[in-house]
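Novice: The structure follows.
In our numbering, the protein residues as written are 1346 to 1517.
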């Protein structure tokens, strides 16, 4: 129970802007899961650490963490966890590598389960970031509106806020 608590505390600290505390919590969660042999469960710790690296302006470190998560979750058919691919796309966008971001988004779309509303919303938000980075603000706005629309029925406010935060600059 301690490792998942560290992941949650890491996310809260990141949202509060305390990247040092966030990194400590994610690293502790990762370490604990390694110690007890829950290797695949390290996914969320690694992805949290990738988000911290992005927030710190360290896109290459974020890429390495996302790639580790992809390696950790790759299935026999070659697909990896959709969230791992989405985090790689975000790391690539942070490093201005639009081609690799697009490739990671394509793989994420292929791995996405139809019923996964939250990953679909994140996929659309990340596609919107790619569209905006490519200069297509109209497409970015449409994607963000779709993301928000898909989340409305869930009542999950945090994901809705993420989308609104990203939508506001696109509408300017």
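Note that beta-carbon positions come from the ideal geometry of N, C-alpha and C, so glycine has one too.
Predicted, not measured: the structure shown is a model, and the values here were computed from it.
#1: Residues in its own chain within less than 7 Å of residue 1467 by CB, not counting five upstream and five downstream?
#2: State the CB to CB distance for the pair residue 1379 and residue 1411, rounded to an integer number of angstroms; the pair is presumed to be in contact (CB under 8 Å).
#3: Under three-state DSSP, which class holds residue 1464?
#4: Output the residue ranges of the beta strand (DSSP E) runs that lie fully inside the region 1435-1459 and measure 3 residues or longer, sorted by chain position.
#5: Can you grab the Cα-Cα spacing for the pair residue 1407 / residue 1395, in whole Å?
#6: Count the other CB atoms, across all protein chains shown, that sit within 10 Å of the CB of residue 1383; report buried if there are 16 or more and exposed otherwise.
#7: Could you check whether residue 1429 and residue 1414 sit closer than 7 Å to each other, using their CB atoms as the reference points?
#8: Applying the 10 Å Cβ sphere with the 16-neighbour rule, what's the burial state of residue 1404?
#9: In terms of residue numbering, what span does the alpha helix (DSSP H) encompassing residue 1371 cover?
#10: Roughly how many whole angstroms lie between the Cα atoms of residue 1385 and residue 1497?
#11: Under 8 Å, with one C-beta from each stretch per pair, do the region 1459-1466 and the region 1491-1508 reach the 3-pair mark?
#12: Helix, strand or coil for residue 1322, going by three-state DSSP, please let me know.
#13: If I measure Cβ to Cβ from residue 1446 and keep anything under 7 Å in the same chain, skipping five residues before and after, which residues do I get?
#14: Taking residue 1425 as part of the alpha helix (DSSP H), name the residues at either end of that continuous run.
Specialist: To lay it out plainly:
#1: Against the chain shown, residue 1467 aligns to sequence position 122. Spatial neighbours of residue 1467 in its own chain (CB-CB distance under 7 Å, excluding positions within 5 residues in sequence) are listed in chain order as 1431.
#2: By one-based count along the chain shown, residue 1379 stands at place 34. By one-based count along the chain shown, residue 1411 stands at place 66. Between residue 1411 and residue 1379 the Cβ distance is about 18 Å, and since that is not below 8 Å, they are no contact.
#3: Residue numbering aside, residue 1464 sits at position 119 when the chain shown is read from its first letter. It is helical.
#4: Counting only runs of 3 or more, we get nothing.
#5: Locating residue 1407 in the chain shown gives position 62, counting from the first residue. Locating residue 1395 in the chain shown gives position 50, counting from the first residue. Taking the CA atoms as reference points, residue 1407 sits about 4 Å from residue 1395.
#6: Here residue 1383 refers to the residue found at position 38 when the chain shown is read from its first residue. The residue is exposed, with fewer than 16 neighbouring Cβ atoms inside 10 Å.
#7: Along the chain shown, one-based indexing puts residue 1414 at 69. Along the chain shown, one-based indexing puts residue 1429 at 84. A contact, by the Cβ cut-off of 7 Å.
#8: On the chain shown, residue 1404 is found 59 positions in, with the first residue counted as 1. With a threshold of 16 other beta carbon atoms within 10 Å, residue 1404 meets it and is buried.
#9: As a first step, residue 1371 is located in the chain shown; it is residue number 26 there, counting from the start. It spans 1364-1381 - the alpha helix (DSSP H) in which residue 1371 sits, taken as one unbroken run.
#10: Position 40 of the chain shown, counting from 1, holds the residue named residue 1385. Position 152 of the chain shown, counting from 1, holds the residue named residue 1497. Distance between residue 1385 and residue 1497, taken at the CA atoms: about 31 Å.
#11: Three or more beta-carbon pairs drawn from the region 1459-1466 and the region 1491-1508 are found closer than 8 Å, and the two stretches are therefore classed as touching.
#12: There is simply no residue 1322 to check, as the chain begins at 1346 and stops at 1517 in what is shown.
#13: In the chain shown, counting from the first residue as 1, residue 1446 sits at position 101. Hits under 7 Å: 1434, 1437, 1438, 1475.
#14: Taking the chain shown and counting its residues from 1, one reaches residue 1425 at position 80. Per DSSP, residue 1425 lies in no alpha helix (DSSP H) and is assigned neither H nor E.
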